[in-house]
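Right, one structure below, let's go through it.
2 protein chains.
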Amino acid sequence: MKLREFAKQLGLSPTTVSRALSGYPEVSEVTRARVAEEAVRLGYRPNVNAVRLKTGRAGAIGVVMGRAGEFHFAEFMAGMAERLLTEDTDILVIPMADPDHNDEMQLYRRLVESQRVDAIIVHSPRPNDERIALLHKLGMPFLVHGRSDIDVPHAWLDIDNEGAVRRATSHLIDLGHTRIAMINGRPGATYALHRDKGYRDALQSRGIELDPQLIASGNFTDELGFRFARSLLEQANPPTAIVAGSMMTALGVYRAVRSLGLQVGREVSVIAHDDVFPYLTADNMAPSLSATRSSMRAAGTRCADLVLQLVSGRSPLDIHELWPVELILRESTAPVQC
Amino acid sequence: MKLREFAKQLGLSPTTVSRALSGYPEVSEVTRARVAEEAVRLGYRPNVNAVRLKTGRAGAIGVVMGRAGEFHFAEFMAGMAERLLTEDTDILVIPMADPDHNDEMQLYRRLVESQRVDAIIVHSPRPNDERIALLHKLGMPFLVHGRSDIDVPHAWLDIDNEGAVRRATSHLIDLGHTRIAMINGRPGATYALHRDKGYRDALQSRGIELDPQLIASGNFTDELGFRFARSLLEQANPPTAIVAGSMMTALGVYRAVRSLGLQVGREVSVIAHDDVFPYLTADNMAPSLSATRSSMRAAGTRCADLVLQLVSGRSPLDIHELWPVELILRESTAPVQC
DNA sequence: CTCAAATTTGAAAACGATTTGGTTGGAAAA
DNA sequence: TTTTCCAACCAAATCGTTTTCAAATTTGAG
């Protein structure tokens, strides 16, 4: 059913019907009500593409998916999708074709030029992120999930990675640990730096000297967790506690600890960061995993929300959200054994 | 840059330019080459929404995302996205607002009516799946990822779940196991039935009587794996082998086995199904996990491919792909201990 | 009761492409 | 030479809305 047809059935002009449905003020309430009601009854829905063409809105938000098949991605997207369900806005998923750097900029540039999105969400930003500079230059609205130090105004939502790791590390120190290892995310991303800072600050403020040997970084896979924890624990002066970057890393760490005949929550304490997954919970691990926790899904929902505001004109300068992170203590952390 | 403008710069009519770019035959090769080249140079790209409006194509494939935040979803999508990158087709992610059944049909109906997708991918179909009937009735092209027995013609791509589980179970029987437990997916989905059948057939063909107590089903979470494995192993006549539905389930099973002081690959053999994740690999588990393996990402890529064919006119009746599943033996399976 | 102001409504022009149904000019056929 | 045909191109209509500008109607003040 087209607008023409629908309007004719109502004995109104397309103009009025369009206005009634889009909530313009210059249409009487009684007419608006009738139009709305009949639209439902007769099943009239404006053609999306016509609307988009006319208004110049793309009706979609772009999300670039990293190549490494990040497991938290689905949660973030689920959160976004939930928020956008009632909106006339879609999510456009763009895969990173190539991890090559130059290619990444190309991808963003093409995405903007394609006019297929009204806004873009940038994940895992770097301190000096060219993507941000590019999007700003091109005038494409965008929200950064994470933070960047770049000297370009931008909207962002981030969790307090630094604080989270500082608290986690401090707590381990409180428990008497002094040799605390840290498995971080891929170097380069701001969140990894923040976590690093939280870790270092905690040590320093307690007068513990930092041992660079105790720091590793890389993708959030179980394999990295295992390899690094294993090699750490096998060395002469092994750590008594490990701060792990993700649930998957934690799995690897647990495995490494066990494989050496040790026990998590005894010889080795572990705290990991938990993005809250329905299928793998810190509570269910054995022993249950102490974790810094922040819901990825909730972040997705809120990001979608903020992007919508951005698109409808809110200034990026006003949009800065730093979410606190909970520290939840469970069985994987214990006082150091003397 | 608009078509008008671009055409004028070339000294051609919009008609010819449009045809040249869309590969119509009635334009000379030399002209086509020139147009293509200049389009790149001047950065002309047809406005997506105008194209979509005019052609009536939505330029997107709909994927309904289950509410349970399935972890394999991201992999499937990554696969799809990879294939669609070079195409002018987007992925539209629609979240299931409510697990309520009636609501689900509403969702699909609205999705079709919204005219926002050219085709839909249906996940985890049931033997008699109303969604399939609905989409067929509404004339919306769709591809089923999985299978259904419903008496409605439809395209599908599925992996050989039945064969996979049969082989896994048979292999365990070969190793001397007779009490073999099975942790299946949510009851109702066809794949769960197929796995069940594979399991039963394997037992029956070897004359082993089925014990209903050894079967469980539910979401693919570590928690289910743990709970069920634990309660199984604690009973009077415990199983000596477990077939698990997913990697997450397997994690839970491993945990349960260990928590009872037993060892996977000794007292208890385990085989799980592995969708191949970059962040959690069967090879890295300890002991390494024997698994039936099939790449979710590859399935996504192929599904995208098939949907494109579907949209451009290929008959759904011709599209039936059954992918074989590998069985990869590692350390988690061993001869039964007498 | 009149006239201006305020409220509702409509006609028609966009939005930026595709595509139908012609033209044109030159080569091949008669 | 004339006719026919074909390759290559183009003008204009169209897709289904929104929105500008103008007209019609109602309201309210004097």
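Line by line, the protein sequences are chains U and G. The working numbering applies: residue 1 is where the first sequence begins, and numbers increase by one. The working numbering applies: residue 339 is where the second sequence begins, and numbers increase by one. Don't be surprised by glycine CBs; every beta carbon is placed ideally from N, CA and C.
Quiz prompt | According to DSSP, residues forming a beta bridge with His483/G | solution = Taking the first residue of the second sequence as position 1, residue 483/G is located at position 145. The beta-bridge partner set that DSSP reports for His483/G consists of His461/G, Leu495/G.
Exercise. Going by CA-CA distance only, name the one from Ser295/U, Ser332/U, Glu38/U, Thr249/U that's closest to Pro616/G.
Key: Indexing the second sequence from 1 puts residue 616/G at position 278. Comparing C-alpha distances from Pro616/G to each of Ser295/U, Ser332/U, Glu38/U, Thr249/U shows the shortest one belongs to Thr249/U.
Quiz item: For Thr630/G, which residues does DSSP report across the bridge?
Solution: In the second sequence, counting from the first residue as 1, residue 630/G sits at position 292. Answer by DSSP bridge pairing, in chain order: His611/G, Leu665/G.
Exercise. For the beta strand (DSSP E) containing Gly400/G, list its first residue and its last residue.
Key: Taking the first residue of the second sequence as position 1, residue 400/G is located at position 62. If you look at Gly400/G, you'll find it in the beta strand (DSSP E) that goes 398-403.
Exercise. Taking Ala81/U as the reference, give the member of Val401/G, Ala493/G, Leu646/G, Ser626/G with the closest Cα.
Key: Within the first sequence, the letter at position 81 stands for residue 81/U. The shortest C-alpha separation from Ala81/U is found at Val401/G.
Exercise. For Glu331/U, collect the residues of the same chain with a Cβ closer than 7 angstroms to its Cβ; drop the 5 residues on either side in sequence, then sort them by chain order.
Key: Working through the first sequence from its first residue, we reach residue 331/U at position 331. Excluding sequence neighbours, Glu331/U sits near Gly265, Pro287, Ser288.
Exercise. Run down chain U in chain order and give the residues with a C-beta less than 9 angstroms from the C-beta of Asp677/G.
Key: The structure shown has nothing for residue 677/G, since chain G only spans 339 to 676.
Quiz item: Is there contact here, the stretch 153-160 of chain U with the stretch 313-323 of chain U, by at least three beta-carbon pairs under 8 angstroms?
Solution: Yes, the stretch 153-160 of chain U is in contact with the stretch 313-323 of chain U.
Quiz item: For the beta strand (DSSP E) that Val581/G lies in, which residues bound it at each end?
Solution: As a working note, residue 581/G is residue 243 in the second sequence. From DSSP, the beta strand (DSSP E) with Val581/G extends over 579-582.
Quiz item: In three-state terms, what does DSSP make of Ser360/G?
Solution: Locating residue 360/G in the second sequence gives position 22, counting from the first residue. Ser360/G sits in a helix when the DSSP states are folded into three classes.
Quiz item: Quick one: Cα of Asp275/U to Cα of Ala358/G, how far?
Solution: Counted from its first residue, the first sequence places residue 275/U at position 275. Counted from its first residue, the second sequence places residue 358/G at position 20. Their Cα atoms are separated by approximately 50 angstroms.
Practice problem: Check whether the Cβ of Ile120/U lies closer than 8 angstroms to any Cβ atom in chain G. | Solution: Sequence index remark: in the first sequence, residue 120/U carries index 120 (1-based). By this cut-off, Ile120/U is not an interface position.
Quiz prompt | Short CB-CB distance (under 8 angstroms) between Asp613/G and chain U | solution = Stepping through the second sequence from its first residue, residue 613/G is reached at position 275. Asp613/G does not count as touching chain U.
Quiz item: Can you find at least 3 beta carbon pairs, one from the stretch 35-53 of chain U and one from the stretch 383-400 of chain G, that sit closer than 8 angstroms?
Solution: yes
Quiz prompt | Status (buried if at least 16 other CB within 10 Å, exposed otherwise) for Pro125/U | solution = Within the first sequence, residue 125/U is the residue found at index 125, counting from 1. The residue is buried, with at least 16 neighbouring Cβ atoms inside 10 Å.
Exercise. Could you please tell me which residues of the stretch 292-309 of chain U, in chain order, have their CB closer than 8 angstroms to any CB of chain G?
Key: Arg297
Quiz item: CA-CA distance, Phe414/G and Ala636/G?
Solution: Here residue 414/G refers to the residue found at position 76 when the second sequence is read from its first residue. Here residue 636/G refers to the residue found at position 298 when the second sequence is read from its first residue. Taking the straight line from one Cα to the other gives about 8 angstroms.
Quiz item: Quick one: what's got a C-beta closer than 7 angstroms to Val663/G's C-beta in the same chain, skipping five residues either side?
Solution: Numbered from its first residue, the second sequence carries residue 663/G at position 325. If we look at Val663/G and ignore the five residues flanking it on each side, its Cβ neighbours are Ile497, Asp498, Gly501, Ala502, Thr630, Arg631, Ser632.
Quiz item: So is Val17/U in contact with chain G if we call contact Cβ pairs under 8 angstroms?
Solution: Within the first sequence, the letter at position 17 stands for residue 17/U. Taking Cβ atoms only, chain G never reaches closer than 8 angstroms to Val17/U, which makes this a no.
Self-check item: Cα-Cα separation between Ala168/U and Phe228/U, rounded to whole angstroms
Solution: In the first sequence, residue 168/U corresponds to position 168, counting from 1. In the first sequence, residue 228/U corresponds to position 228, counting from 1. The alpha-carbon atoms of Ala168/U and Phe228/U are separated by roughly 19 angstroms.
Quiz item: Would you call the stretch 576-584 of chain G and the stretch 595-611 of chain G in contact, with 3 or more CB pairs under 8 angstroms?
Solution: yes
Practice problem: State yes or no: is the beta carbon of Leu432/G nearer than 8 angstroms to at least one beta carbon in chain U? | Solution: Translated into positions along the second sequence, residue 432/G becomes position 94. One point to set straight first is that residue 432/G is Ile, not Leu, in the sequence displayed. Cβ-Cβ to chain U under 8 angstroms: yes for Ile432/G.
Quiz item: Assuming Leu84/U contacts Ala304/U under a Cβ cut-off of 8 angstroms, what Cβ separation, rounded to an integer in Å, is found between them?
Solution: Taking the first sequence and counting its residues from 1, the one referred to as residue 84/U is at position 84. Taking the first sequence and counting its residues from 1, the one referred to as residue 304/U is at position 304. Right, their Cβ atoms sit about 5 angstroms apart.
Quiz item: If you draw a straight line from the C-alpha of Leu193/U to the C-alpha of Ala527/G, how long is it?
Solution: Residue numbering aside, residue 193/U sits at position 193 when the first sequence is read from its first letter. Residue numbering aside, residue 527/G sits at position 189 when the second sequence is read from its first letter. The straight-line gap from Cα to Cα measures roughly 44 angstroms.
Quiz item: Under the DSSP definition of a beta bridge, which residues are partnered with Thr287/U?
Solution: As a working note, residue 287/U is residue 287 in the first sequence. Thr is not the amino acid found at residue 287/U; the sequence shown has Pro there. DSSP output for Pro287/U lists no bridge partner at all.
Quiz item: Ser653/G by DSSP, collapsed to three states: which one?
Solution: On the second sequence, position 315 is the one that residue 653/G refers to. Looking at Ser653/G - three-state DSSP - the assignment turns out to be coil, as it is neither helix nor strand.
Quiz prompt | Positions along the stretch 104-119 of chain U whose CB lies within less than 8 angstroms of some CB in chain G | solution = Glu113, Ser114, Gln115, Arg116
Quiz prompt | Burial state of Glu70/U, where buried means 16 or more other Cβ atoms lie within 10 Å | solution = On the first sequence, residue 70/U is found 70 positions in, with the first residue counted as 1. Buried is the label assigned to Glu70/U, since at least 16 other Cβ atoms lie within 10 Å of its Cβ.
Self-check item: Touch test, the stretch 169-185 of chain U against the stretch 199-213 of chain U, Cβ-Cβ under 8 angstroms, three pairs minimum
Solution: A contact between stretches requires three or more CB pairs, one per stretch, nearer than 8 angstroms, and the stretch 169-185 of chain U meets this requirement with the stretch 199-213 of chain U.
Practice problem: Quick one: list the residues of chain G neighbouring Glu70/U, beta-carbon separation under 8 angstroms, in chain order. | Solution: Taking the first residue of the first sequence as 1, we reach residue 70/U at position 70. Residues of chain G with a Cβ closer than 8 angstroms to the Cβ of Glu70/U are, in chain order, Ala412, Tyr617.
Exercise. Indicate whether at least one CB of chain G lies closer than 8 angstroms to the CB of Leu233/U.
Key: The count along the first sequence starts at 1 and reaches residue 233/U at position 233. No, Leu233/U does not count as interfacial toward chain G.
Self-check item: Where the stretch 581-597 of chain G meets chain U: residues whose CB sits under 8 angstroms from a CB there
Solution: Within the stretch 581-597 of chain G, contact with chain U at the beta-carbon level (separation under 8 angstroms) is assigned to Met586, Leu589, Gly590, Arg593, Arg596, Ser597.
Quiz prompt | Strand pairing of Val268/U, partner residues [DSSP] | solution = Translated into positions along the first sequence, residue 268/U becomes position 268. Looking at the DSSP assignment, Val268/U forms a beta bridge with Val264/U.
Practice problem: Return no unless some Cβ of chain U is closer than 8 angstroms to the Cβ of Ile399/G. | Solution: To locate residue 399/G, count along the second sequence from 1; it is residue 61. Taking CB atoms only, Ile399/G has no neighbour in chain U less than 8 angstroms away.
Quiz item: In terms of residue numbering, what span does the beta strand (DSSP E) encompassing Leu430/G cover?
Solution: Here the question's residue 430/G lines up with position 92 in the second sequence. Note, Leu430/G: beta strand (DSSP E), 428-433.
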